[in-house]
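Numbering (our numbering), first residue to last: 680 to 846. Encoded as structure tokens, the structure appears first; notes follow it.
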Ligand SMILES: CC(C)(COP(=O)(O)OP(=O)(O)OC[C@H]1O[C@@H](n2cnc3c(N)ncnc32)[C@H](O)[C@@H]1OP(=O)(O)O)[C@@H](O)C(=O)NCCC(=O)NCCS
């Protein structure tokens, strides 16, 4: 009901600020999340990254969004079992149907009370209609100098990707 009310109050393609779709996904790492070395499996982290990006894109657009690309995934150090993993996602850029989502991953040591940045990733999501065809995404309303800088950097990456895909 609450979601329906929110959608009704927001016309489909109204520009929306990034703060409205900021997303956090968090999970405590258990032994089933580990690889054979006893640290957290990279695929587990990527699953959380993908989920956070999908929620962020769908919050922004109010549509089904699918992952079309993940890039610049960096694992900066191993994550121990017992770590509380926090994944934060923010819309960097919107195109016609695509969104670039910037995702940051933090490892919180609950016993030490410390938090470290462990991964960065860029995820491109595409809004789709009921026939799974690309559908328009609401523009991003840029509110801060940081958001404007993120947009400009993402626009350069988008042009580079388009050029690379054209070959
Ligand atoms: C997403 C999908 C519907 C796009 O269809 P498409 O025919 O490539 O559509 P288009 O070429 O019109 O591209 C749509 C948008 O995606 C962007 N895009 C397409 N391929 C991309 C790529 N490899 N990297 C970044 N962006 C990409 C385009 O630039 C375009 O952006 P814009 O509308 O903002 O200008 C289609 O590729 C698809 O269904 N992919 C599978 C998605 C999926 O199943 N994901 C789950 C992970 S397994």
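C-beta: ideal position from N, C-alpha, C; glycine also.
For residue 700, the shortest separation between its Cβ and any heavy atom of ligand 1 does not lie below 7 Å. Within the chosen limit of 7 Å, ligand 1 does not reach the beta carbon of residue 694 with any heavy atom. For residue 781, the uninterrupted beta strand (DSSP E) run begins and ends at 777 to 788, by DSSP.
Measuring C-alpha to C-alpha distances from residue 691 to each of 778, 815, 845 identifies 815 as the nearest. Beta-bridge analysis with DSSP links residue 727 to no other residue. If you look at residue 769, you'll find it in the beta strand (DSSP E) that goes 763 to 773.
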